[in-house]
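Right, one structure below, let's go through it.
In my numbering, the protein residues as written are 18 to 690.
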């Protein structure tokens, strides 16, 4: 009997059944997607550890985090979906009341409703699980493709992974979510007395209904009626509208943050270094080119020095299309500066204030400070060009960049500088036991070389030639604080081919052919910028899909609450009809309801997003004008239109069902007495 009753109800109420099946489908899809993604993240971690030679790989906190996230997702889905089941079950109260009046026990009613929901959700859950795996597969493959396009070098096989246990966990979580979502309203309904169920339960009271004067002034009496109707049914729609709000606010804040991040990267990296480099070749410390190795075998020190310093550099400069190439190293160390070398501004403010890591010391009978020193070591030709560009000369082969950031009077986006040293020349000592200086600079400037590097804000920056750095390198090596540094080849192409992707790629390939894969890294500015844009576009698509999935769950709840309460809404509209409201006005009222349902979470999300965006702009280099000119309106409008269209379809179907029925007959229902 119970089976035939369920099948007849499902057949006669296809819309409500489809909505419940859709909610189960979306929940299973989301759970399957998250479970499969978590498993692939774990397998990627296992492969990383195996590539490092780790054999004893044990579960980490990732498992605990995954379990907590899975439980939270299930709880959130139960909170959202159980309202859809409650609305569907509530529309059958009279039938259930009749069954209870002829002897059906609360346990039988509860079991029957849960079994019916489980049977209704079997196929959607299986289908949603399969599609969730497919979406995760496409996401992983896209991520792998993006990593390959970015030139990421990994020493293990990256691929999509799946296991039967993942399917079992996904299906179990989805079925548990569906059953609990049905059990909560079924338990409540089974406790109603037969008379309460037959009379449709307790009708909501409106004595304490809020007034909505703004809506009344804006949209007239129908606007206030529509808002009061939503307020009266707020419990059945609360979870759905909250999920819709979460999808809006999450997507909007992501778009704002991603747009600001893109503008910041463009301003502080691509535009800043646009005229500085086109190709960057990095040689790891300890890596030798072929000419250096040959020289080492011969044993000629002069040949070895010449080959090690100039062989690869001269070869790169001779590549067709290369305008200039600067070979440089960046070294951080600590040296002693005598007190009289410091500028008066720095002394007046206090070394401890602007250089908190500096330490007072006494070296060679002089009072001073041990402070951080940031060295840019250039090849001889590039150092000479640097001095020529800044109209200075340096016989010592060392130039001080006389700038120190005053962070008391400025922030990192609008820095103000003061002089670090007092004179255009000075001596630096290697340590407390040193009797003679190890480094001598004889010129000052206010700019670093045209390379892809930044000024170190809280250190003395020095630009050195290779010959000037060699004595310091020997002392640092003996002290065990320096064992070599990577060498960078900052390559600038000819103006005619700089912005041409094909020509610049040809030069990049020619340079790649000159160096082995081991110990060398090659980067291209145009390729890097294109890869960054592709990565951002892919991230927007992924976040848009996730937000759409979340919105679909909320919209499914709204559809269920709207179409599952047709009988109750007919009673409501019968009252309107009795006081002279026309069917056309009732359609207008339903339209306003749909507008308020989609508009309220949208407006709240926008209101929250505005100060969040302002805060992000305050913390970032881009200005408000730059952000407004790149405002992500298109994805926002697309997301809003699709969501509004889905809600409008639900209310359109409800309007047709309500307004085409015989509302006069509803007034004769005994439940209205």
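We put the beta carbon where it would ideally sit given N, CA and C, even for glycine.
Legend entry - For residue 487, the nearest candidate out of 601, 346, 471 (CA to CA): Ranked by how close their Cα comes to the Cα of residue 487, the residues 601, 346, 471 have 346 in first place.
Legend entry - Counted within 10 angstroms of its Cβ, other Cβ atoms place residue 165 as buried (16 or more) or exposed: Under the 10 Å beta carbon count, residue 165 is surrounded by fewer than 16 other beta carbons and is classified as exposed.
Legend entry - Cβ-Cβ distance between residue 138 and residue 192 below 9 Å: It is a contact, given that the beta carbons lie within the stated cut-off.
Inset, instruction - Output the boundary residues of the beta strand (DSSP E) element that contains residue 383. - result: Per DSSP, the continuous beta strand (DSSP E) segment holding residue 383 begins and ends at 383 to 395.
Inset, instruction - Please name the residue in 394, 623, 50, 83 whose C-alpha comes closest to that of residue 145. - result: For the residues 394, 623, 50, 83, the minimum Cα distance to residue 145 belongs to 50.
Inset, instruction - Pick out the complete alpha helix (DSSP H) segments inside the stretch 634 to 661, 4 residues or longer, and give them in chain order. - result: Listed in chain order, they are 641 to 646.
Legend entry - Within the stretch 317 to 373, ranges of the beta strand (DSSP E) (whole runs, at least 3 residues): If we require 3 residues or more, the beta strand (DSSP E) runs fully inside the stretch 317 to 373 come out as 339 to 355.
Legend entry - Span separating the alpha-carbon of residue 150 from that of residue 177: Between residue 150 and residue 177, the C-alpha separation is close to 10 Å.
Legend entry - Span of the alpha helix (DSSP H), counted from its first residue to its last, around residue 531: Here the alpha helix (DSSP H) through residue 531 covers 518 to 531.
Inset, instruction - Could you please give the first and the last residue of the uninterrupted alpha helix (DSSP H) stretch that includes residue 197? - result: In the DSSP assignment, residue 197 falls within the unbroken alpha helix (DSSP H) covering 181 to 207.
Inset, instruction - Give every residue of the same chain whose Cβ lies closer than 6 Å to the Cβ of residue 484, excluding the five residues on either side of it in the sequence, and list them in chain order. - result: Once the five neighbours on either side are set aside, the close Cβ partners of residue 484 are 414.
Inset, instruction - Pull up the CB-CB distance for residue 657 and residue 619, whole angstroms please, since I reckon it's below 8 Å. - result: Right, the Cβ-Cβ distance comes to about 6 Å (below 8 Å), so this counts as a contact.
Inset, instruction - Have a look at residue 560 and residue 267 and give me their C-alpha separation to the nearest angstrom. - result: If you draw a straight line from the Cα of residue 560 to the Cα of residue 267, it is about 9 Å long.
Legend entry - Alpha-carbon spacing of residue 179 relative to residue 161, whole angstroms: Those two C-alpha atoms are separated by around 16 Å.
Legend entry - Proximity to residue 186 [Cα-Cα], best of 83, 263, 282, 286: Cα-wise, what sits closest to residue 186 is 83.
Legend entry - For residue 175, the residue or residues it bridges with in DSSP: For residue 175, no pairing in a beta bridge is given by DSSP.
Legend entry - Residue burial classification, residue 174 (beta-carbon count within 10 angstroms, cutoff 16): With fewer than 16 other Cβ atoms within 10 Å, it is exposed.
Inset, instruction - Give me the Cα-Cα distance between residue 501 and residue 537, rounded to the nearest whole angstrom. - result: The straight-line gap from Cα to Cα measures roughly 15 Å.
Legend entry - Assigned secondary structure, residue 302 (DSSP; H/G/I helix, E/B strand, else coil): Three-state result, residue 302: coil.
Inset, instruction - Starting from the C-beta of residue 634, find all residues in its chain whose C-beta is less than 7 Å away, skip the five residues before and the five after it, and write them out in chain order. - result: Excluding residues up to 5 positions away in sequence, 277, 641, 644 lie with their Cβ nearer than 7 Å to the Cβ of residue 634 in the same chain.
Inset, instruction - Starting from residue 693, follow its DSSP beta bridges and name the residues at the other end. - result: Residue coverage of the chain in this structure runs from 18 to 690, which leaves residue 693 outside it and unanswerable.
Inset, instruction - Would you tell me roughly how many angstroms separate the C-alpha atoms of residue 494 and residue 350, rounded to the nearest one? - result: Pairing residue 494 with residue 350, the inter-Cα distance amounts to about 12 Å.
Inset, instruction - Measure how close the beta-carbons of residue 260 and residue 611 come, nearest whole angstrom, since I'm counting them as under 8 Å. - result: Actually they are not in contact, since the Cβ atoms of residue 260 and residue 611 sit about 17 Å apart, beyond 8 Å.
Inset, instruction - Identify which residue in 280, 290, 604 has its Cα closest to the Cα of residue 553. - result: Ranking 280, 290, 604 by Cα distance to residue 553 puts 280 first.
Inset, instruction - Reducing DSSP to helix, strand and coil, say where residue 70 ends up. - result: Note: residue 70 maps to coil in three-state DSSP.
Inset, instruction - Would you kindly check if the distance between the Cβ of residue 447 and the Cβ of residue 438 is under 9 Å? - result: Taking 9 Å as the Cβ cut-off, residue 438 and residue 447 do not qualify as a contacting pair.
Inset, instruction - For residue 313, name the three-state secondary structure that DSSP assigns. - result: Note that residue 313 scores a pLDDT of 41, beneath 50, so its modelled location is shaky; the value from the coordinates is reported in the next line. It is helical.
Inset, instruction - With a 10 Å radius around its C-beta and 16 neighbouring C-beta atoms as the bar for buried, classify residue 283 as buried or exposed. - result: Burial call: buried.
Inset, instruction - Just confirm the distance between the C-beta atoms of residue 294 and residue 469, as a whole number of angstroms; I'd bet it's less than 8 Å. - result: Yes, they are in contact, since the Cβ atoms of residue 294 and residue 469 sit about 5 Å apart, within 8 Å.
Inset, instruction - Use the C-beta contact count for residue 183: other C-beta atoms within 10 angstroms, 16 or more gives buried, fewer gives exposed. - result: Result: buried.
Legend entry - Outcome for residue 36 when other beta-carbon atoms lying within 10 angstroms are tallied against a minimum of 16: Within 10 angstroms of the beta-carbon of residue 36 lie 16 or more other beta-carbons, which makes it buried.
Legend entry - Three-state class that DSSP yields for residue 664 in the structure shown: Here residue 664 sits in helix by DSSP.
Legend entry - Close Cβ partners of residue 197 (< 7 Å) along its chain, the five nearest in sequence each way excluded: Closer than 7 Å at the Cβ level, and outside the excluded window around residue 197, lie 95.
Legend entry - C-alpha distance - residue 355 paired with residue 473, whole-angstrom precision: Between the alpha carbons of residue 355 and residue 473 lies a distance of about 20 Å.
Inset, instruction - Please classify residue 462: does DSSP put it in a helix, a strand, or coil? - result: Secondary structure of residue 462 (DSSP, three-state): strand.
Inset, instruction - Would you list, in sequence order, the uninterrupted beta strand (DSSP E) runs of no fewer than 3 residues that lie entirely inside the stretch 430 to 499? - result: If we require 3 residues or more, the beta strand (DSSP E) runs fully inside the stretch 430 to 499 come out as 443 to 445, 456 to 458, 477 to 482.
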